[in-house]
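Visitor:
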Amino acid sequence: MNKFVKSIEDKCSIFEAFHSYEIVISSMYFSKSKGNVISFVNEIKLTAKLATQQNSLEYAEYYAQKLISQFVELKTATDKLLPQQNISYPKFISHYRVNKKLTNLSSDEKLQEYQKALRALNEKLSWLIEQNYLCTDNKQRQIYQEKIYETEYRKQKCMDAINTLR
C-alpha cells in the first residue's frame, strides 16, 4: 500500500466515532449526498488511491484538490454532530444594593442611593477592565469592551444626577 494512501487512512481515523451516523453533505465532491459517515470515508480513501494512480499532473492536482475538499466537507459535517460547548464566562456580582425606586425618596436619600450606585459602577468598571485584560478570546474581549463603554455611560449619567442633587 502506498504511504500516501496509508497516511490518508490514518487521517480518516478521526471519523471512526461517527461511522454509523447518517449525514447529509450537499457537495459536488462526493458521489452521493446522503449516507453513513463510513461511506463518505470510503469515498475519500478511493479518491486518495485514484490520486496516486495518475500519470498526468493535471489529473493528480484535480484529485488532490478533490481529496482536500472531501475531507474538509466531511469534517464540517461531523463537527455539527458534536454537542455545542457552552462556555461560561465570569459574571460580576456587586456588594452594593441600590434602591431601584428613587422617585419616592427624598433628595438626601436619592443622593445616598446615587452615591451607592456610583460606587457599584466603579467596582463593576474595575472588574470589567480586569476581565478584559485577562481575556484571551477576541469575541469575549469585544463583549467586555462594549460592557465597559456601557458602564462608563451609566457612570456618567449617575455623576450627572449626583451633581444635580447637590
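If you read the sequence shown in the numbering used here, its first letter stands for residue 71, the second for the next number, and so on. C-beta atoms are modelled at their ideal positions from N, C-alpha and C, and glycine is treated no differently.
1. Answer with buried or exposed for ALA121, where buried requires no fewer than 16 other C-beta atoms within 10 angstroms of its C-beta.
2. Count the other CB atoms, across all protein chains shown, that sit within 10 Å of the CB of GLU220; report buried if there are 16 or more and exposed otherwise.
3. Can you tell me whether ALA134 sits near the ligand GTP, meaning its C-beta is under 7 Å from at least one heavy atom of the ligand?
4. Which of the three DSSP states is assigned to ILE93 in this structure?
5. Can you list, in chain order, the residues of its chain with a C-beta nearer than 7 Å to that of ALA118? Leave out the 5 residues immediately preceding and following it.
6. When the Cα atoms are used, what is the spatial distance from ASN106 to ILE218?
7. With contact counted as at least three CB pairs below 8 Å, one residue from each stretch, are the segment 175 to 190 and the segment 222 to 235 in contact?
8. Should the segment 145 to 153 be regarded as contacting the segment 167 to 176, the criterion being three or more beta carbon pairs within less than 8 Å?
9. Sorted by chain position, which residues of the same chain lie with C-beta nearer than 8 Å to GLU143's C-beta, five sequence neighbours on each side aside?
10. Is the separation between the beta-carbon of LEU191 and that of ARG224 shorter than 8 Å?
11. Would you decide whether GLN140 is buried or exposed? Buried here means 16 or more other CB atoms lie within 10 Å of its CB.
12. Using the Cα positions of GLN215 and ASN202, report the straight-line distance between them to the nearest angstrom.
Guide: In this structure, then:
1. On the sequence shown, residue 121 is found 51 positions in, with the first residue counted as 1. ALA121 counts as buried, since at least 16 other C-beta atoms from the protein chains shown sit within 10 angstroms of its C-beta.
2. Translated into the one-based positions of the sequence shown, residue 220 becomes position 150. Exposed is the call here.
3. Annotation note on the ligand GTP: not contained in the displayed structure, which lists no ligands.
4. The residue given as residue 93 occupies position 23 in the sequence shown. Strand, per DSSP.
5. Taking the first residue of the sequence shown as position 1, residue 118 is located at position 48. Excluding sequence neighbours, ALA118 sits near PHE74, VAL75, ILE78 and LEU137.
6. As a working note, residue 106 is residue 36 in the sequence shown. As a working note, residue 218 is residue 148 in the sequence shown. Each residue's Cα considered, the two are about 48 Å apart.
7. As far as the Cβ criterion goes, the segment 175 to 190 touches the segment 222 to 235, which means the pair count is three or higher.
8. no
9. The count along the sequence shown starts at 1 and reaches residue 143 at position 73. Sequence-distant Cβ neighbours of GLU143 in its own chain, meaning closer than 8 Å and more than five residues away, are ILE95, SER97, TYR99 and PHE100.
10. Translated into the one-based positions of the sequence shown, residue 191 becomes position 121. Translated into the one-based positions of the sequence shown, residue 224 becomes position 154. In this structure, ARG224 lies closer than 8 Å to LEU191 by Cβ.
11. Here the question's residue 140 lines up with position 70 in the sequence shown. So GLN140 ends up on the buried side.
12. Locating residue 215 in the sequence shown gives position 145, counting from the first residue. Locating residue 202 in the sequence shown gives position 132, counting from the first residue. Roughly 7 Å between the two C-alpha positions.
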